[in-house]
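Top line first, the protein sequences correspond to chains V and Z. When we follow our numbering, the leftmost residue of the first sequence carries the number 1, and every step to the right adds one. When we follow our numbering, the leftmost residue of the second sequence carries the number 1001, and every step to the right adds one. Don't be surprised by glycine CBs; every beta carbon is placed ideally from N, CA and C.
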Amino acid sequence: MTIQFNDETFREDYSFHNSERAIKRFPFPFDKDSYMYAVNMEQHRGGPPDSVYEKRFDVDEHYVSEMRDRAMVLADDPLRCQSLPHMTLAGWDLLELIMVSKSEDYPDLFELHRDGDQWHWINKPLGIDDRFTFMDETTLPYGPMEYITRQAQGDFCVLDQRDDNLWMDAGTVTTQADWSLDFDIGMNFFEWHAPVPLAHEKGIFVRALKFLLNIQQGAPARRLNWTMTVNPLLDTSPENYHKWGVQKTTLTPENIGSKQHLRVELQTFFRLPRSNALVFPIRCYLCSFQDLMTAPKWGRRLHRVIRDLPDELATYKGFIDNRPMMLDYLSKFDDGLPTSNGIWPELDTEPPLQK
Amino acid sequence: MSGAEKIAVRVTEKAALNDLVTRFRFEPVAGGLLPTFSGGAHTVVEMRDGEITRLNPYSLMSDPFDQTAYTISVRRDDAGRGGSLFMHNRVNVGDEMVISNPVNLFSLDLRARKHLMIAGGIGITPFLAQIKQLDRAHGNWELHYGCRSEALGSYVDYLTATHPNDVNVYYDDQDQAIDLENLLDGQPLGTHIYVCGPKGMIDWVRGKAAELGWPREAVHYEEFLAPKPGKPFEVKLAVSNKVIQVGEQESLLEAIERAGVDAPYLCRGGACGMCETRVIDYAGNFIHRDHWLEDEEHSSGEKIMPCVSRFEGKTLVLDR
Ligand code: HEM
Ligand code: FES
């Protein structure tokens, strides 16, 4: 299907918007009416047609504008993209994985022509047409990881695997939910997860790490994570907290439907073949409350999840102060009817709102 | 199906190197290219021997960047479970086989300033791939290779011809031995040690390195992996009302699936928790291999992870 790319912004005037198609395919993260941290991982082998699970790297209507936003963040703060010296090989692995996946999954948008180590890459949406020598950094305008992640939506953490642990030794992180690559660089799995409440006690990270260490070539995995963002901001980094933190106080009962966004991360995990590193793409999807409420099932469920979420999680995710206002709004969309299992909106079978 | 993704390949070369070791070359049946891999990776080769299917891991020794073919070397083990004999005696050029995607449990630490490799016998194979990887990146390495005799020195000629300054060979039958203490002592800061060979050699190198104060994470080793089968056992599936037999070479999960019962799973590696199954009754011992259940749960006899764990005894009844 051809994609109509939006011309939109994620800052200042916030012209970001979701089409009807984008709302329908939004990765709503709750499969039941309550939420708690869990080792919620599954294989990443496609999914329903046109869902965000279908392709290895989902490209959607926000692609061009998101890449423009990333370029602005990197121009302001080059430390959002870092790669320790031993990670260059993993960078080439990632470049190959993304180029091969995108050219196979979206042949009308991306082309890759390879003749030995002479590669020709065409990215039509961004108007890029480059020839380079694979594994020769001098033939690209940036290092391999930076080059390709400037052309791929979502943040990318590239983890070195050694001593039965994962180490955050490279990444491009410009659309993060309040954590910093510059702070986490060189840390291991337990160190960078230290701020997360409750999950350590439940043994979630020990199990999750074991799973990740065993991820094998050709058998990627995925999970969803979520938080809340006021205004459709991609860059909610600690570095810029002074800019976006205050915006949380601008929420009113009148504007909450359009200003408050559910922020969902589709996190995937791929083993990288040449380096044996692991790449962790974190793809961020935003959807306003009022757009979510167009699916009656999501309206009912979001109210119940937010209402019953433990305070620790609401605090960590940064919306405990706004929770009462959110519940006032969301309760109007909850008529108490039961909901079906699973994350899909089930627009054809779920009854319309009964109030 | 558990394990890494599978690849259908054809044997395109079978070359006897000496009395014990034979090299096999695999090319994809479907044409096209094989996945690249990292030096130190192995593949699991499926051997269909009548009723029995054996799954044996072998280190990939070819150039990790060469996607046209993989090569492995198999040492004949007359006392083993028969996998290597099957490869030597029954597999021929032109045969189709199934192998797994590469898996690396012995990868290079790419931060190392120098890679010091110590090989014994057939343990040379992962280093052949690592050397090709390092040469491409102009990495700094040095190999010390112990063999029984000149006649059994697989790839010695190739290694000494291509890297005369970096390869040191020691023959047991000429009473040559690696002077380990001096070797380890003289290494520059930032060196990592890699050892692959018989268990005795691995223990010797690890022990000496520890004694000399080498950090644990700078010493890497790979013992030859053996498949993890187990004794056959019988299970009653209470919900579906079936009695099934779990064969020596299959997992409990695979046996459940073979009986047509739909059982949940995700990782098939004992880590995700998805396949957790309640035990209704048992008389015997569990062989728990998962990383999921807590120790108390393992000893409680109330739960089992059928993707990796087994059972020995008379009765096992599962809530499935
Ligand atoms: C290697 C891949 C992974 C990376 C690079 C990663 C990275 C991160 C980072 C940077 C944070 C933010 C921590 C902070 O507040 O500073 C985080 C949060 C978290 N991570 Fe991971 N993570 C990975 C895999 C996983 C997996 C497999 C799980 C599975 C359970 C997991 C569970 C969580 C949870 C529950 C949070 C809290 C999120 C929230 O409530 O919004 N992570 N992760
Ligand atoms: S399938 Fe993951 S623990 Fe068994």
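Distance CB(residue i)-CB(residue j) smaller than 8 Å
i: V/C284; j: V/T175; result: yes
i: V/G218; j: Z/P1035; result: yes
i: V/F280; j: V/F289; result: no
i: Z/D1157; j: Z/W1141; result: no
i: V/I343; j: V/F57; result: no
i: V/S103; j: V/E96; result: no
i: Z/V1261; j: Z/D1319; result: no
i: Z/V1308; j: Z/G1270; result: yes
i: Z/H1220; j: Z/D1109; result: yes
i: V/D105; j: V/K55; result: yes
i: Z/I1007; j: Z/N1101; result: yes
i: V/V59; j: V/I3; result: yes
Which listed residue (the options) has its alpha carbon closest to that of residue i
i: Z/E1005; options: Z/R1206, Z/D1203, Z/I1099; result: Z/I1099
i: V/L233; options: V/Q4, V/E8, V/F156; result: V/E8
i: Z/N1104; options: V/S275, V/L313, V/R300; result: V/S275
i: Z/A1259; options: Z/K1242, Z/E1013, Z/G1039; result: Z/K1242
i: Z/R1148; options: Z/V1044, Z/D1175, Z/G1139, Z/I1131; result: Z/D1175
i: V/E265; options: V/F132, V/Y147, V/P253, V/D178; result: V/D178
i: Z/L1184; options: Z/P1198, Z/L1143, Z/H1163, Z/V1021; result: Z/L1143
i: V/R263; options: V/N231, V/K210, V/T252; result: V/N231
i: V/T88; options: V/V158, V/R150, V/P48; result: V/V158
i: V/G91; options: V/L140, V/D348, V/A295, V/M67; result: V/L140
i: Z/F1106; options: Z/I1124, Z/G1146, Z/N1182, Z/D1281; result: Z/I1124
i: Z/G1230; options: Z/L1252, Z/F1127, Z/R1111, Z/I1131; result: Z/L1252
i: V/T133; options: V/L126, V/H120, V/G127, V/K124; result: V/H120
i: V/Q43; options: V/E239, V/P253, V/R222; result: V/R222
i: Z/M1097; options: Z/K1132, Z/A1129, Z/D1281, Z/V1044; result: Z/V1044
i: V/Q161; options: V/G143, V/P253, V/D235, V/F189; result: V/F189
i: V/V39; options: V/V206, V/F183, V/K248; result: V/V206
i: Z/K1014; options: Z/N1056, Z/E1297, Z/N1089; result: Z/N1089
i: V/I215; options: V/T250, V/K248, V/L272, V/T249; result: V/L272
Sheet register partners of residue i (DSSP bridge)
i: Z/E1027; result: Z/R1010
i: Z/V1045; result: Z/N1056, Z/I1099
i: V/Q43; result: V/A221
i: Z/A1137; result: Answer is none; Z/A1137 lacks a bridge partner.
i: V/T133; result: V/Q118
i: V/L278; result: V/L159, V/R271
i: V/W92; result: In the DSSP output, where bridge partners are listed per residue, V/W92 has none listed.
i: Z/D1109; result: For Z/D1109, which the question treats as bridged, DSSP gives no partner whatsoever.
i: V/E12; result: BP columns for V/E12 are empty, so no partner.
i: Z/Y1155; result: Paired residue(s): none; Z/Y1155 is not in a bridge.
i: Z/C1275; result: According to DSSP, Z/C1275 bridges with nothing at all.
i: V/C382; result: Nothing about residue 382 of chain V can be reported from this structure: the residues present for chain V run from 1 to 355 only.
i: Z/R1075; result: Z/V1021
i: V/G143; result: Paired residues: none, contrary to the question.
i: Z/D1281; result: Z/V1317
Boundaries (first-last residue) of the alpha helix (DSSP H) holding residue i
i: Z/K1314; result: Note, Z/K1314: premise wrong, no alpha helix (DSSP H); beta strand (DSSP E) at 1310-1318.
i: V/K55; result: Segment: none, V/K55 is in no alpha helix (DSSP H) and carries neither H nor E.
i: V/Y63; result: 63-76
i: Z/Q1245; result: Here Z/Q1245 belongs to no alpha helix (DSSP H); instead the beta strand (DSSP E) covers 1242-1246.
i: V/H303; result: 296-308
i: Z/D1170; result: The residue asked about is misnamed: residue 1170 of chain Z is Tyr in this sequence, not Asp. Here Z/Y1170 belongs to no alpha helix (DSSP H); instead the beta strand (DSSP E) covers 1167-1171.
i: Z/R1207; result: Looking at the sequence itself, residue 1207 of chain Z is Gly, so the reference to Arg does not match. 1199-1211 is the extent of the alpha helix (DSSP H) around Z/G1207.
i: V/S331; result: 323-331
i: V/N241; result: For the sequence presented, residue 241 of chain V should be read as Tyr rather than Asn. Note, V/Y241: alpha helix (DSSP H), 241-244.
i: V/I23; result: 20-24
i: V/V206; result: 204-213
i: Z/H1115; result: No alpha helix (DSSP H) holds Z/H1115; the beta strand (DSSP E) holding it covers 1114-1120.
For residue i, the first and last residue of its enclosing beta strand (DSSP E)
i: V/N165; result: 165-172
i: V/F269; result: 260-271
i: Z/F1065; result: First-last for Z/F1065: undefined, no H or E at that position.
i: V/Q290; result: Taken as a continuous stretch (DSSP letters only), V/Q290 belongs to no beta strand (DSSP E), being part of the alpha helix (DSSP H) at 289-292.
i: Z/S1299; result: Z/S1299 -> not in any beta strand (DSSP E); alpha helix (DSSP H) instead, spanning 1295-1300.
i: Z/L1237; result: 1233-1237
i: Z/L1253; result: Here Z/L1253 belongs to no beta strand (DSSP E); instead the alpha helix (DSSP H) covers 1252-1258.
i: Z/V1219; result: 1219-1222
i: V/S83; result: 81-83
* the region 84-92 of chain V touching the region 157-173 of chain V, judged by at least three CB pairs closer than 8 Å -> Yes: the two stretches touch, three or more of their Cβ pairs being nearer than 8 Å.
* Per the contact definition of three or more C-beta pairs closer than 8 Å, is the region 1116-1133 of chain Z in contact with the region 1195-1214 of chain Z? -> Taking 8 Å as the limit for Cβ pairs, the verdict is that the region 1116-1133 of chain Z does touch the region 1195-1214 of chain Z.
* Asked: Taking one C-beta from the region 293-304 of chain V and one from the region 315-334 of chain V each time, how about it: are there three or more such pairs within less than 8 Å?
  -> Output reads yes: the region 315-334 of chain V touches the region 293-304 of chain V.
* Say whether the region 1022-1039 of chain Z touches the region 1070-1089 of chain Z, bearing in mind that this needs 3 or more beta-carbon pairs closer than 8 Å, one atom from each stretch. => The region 1070-1089 of chain Z and the region 1022-1039 of chain Z touch, with three or more beta-carbon pairs separated by less than 8 Å.
* Touch test, the region 195-204 of chain V against the region 304-319 of chain V, Cβ-Cβ under 8 Å, three pairs minimum -> In this structure the region 195-204 of chain V touches the region 304-319 of chain V; the number of beta carbon pairs closer than 8 Å is three or more.
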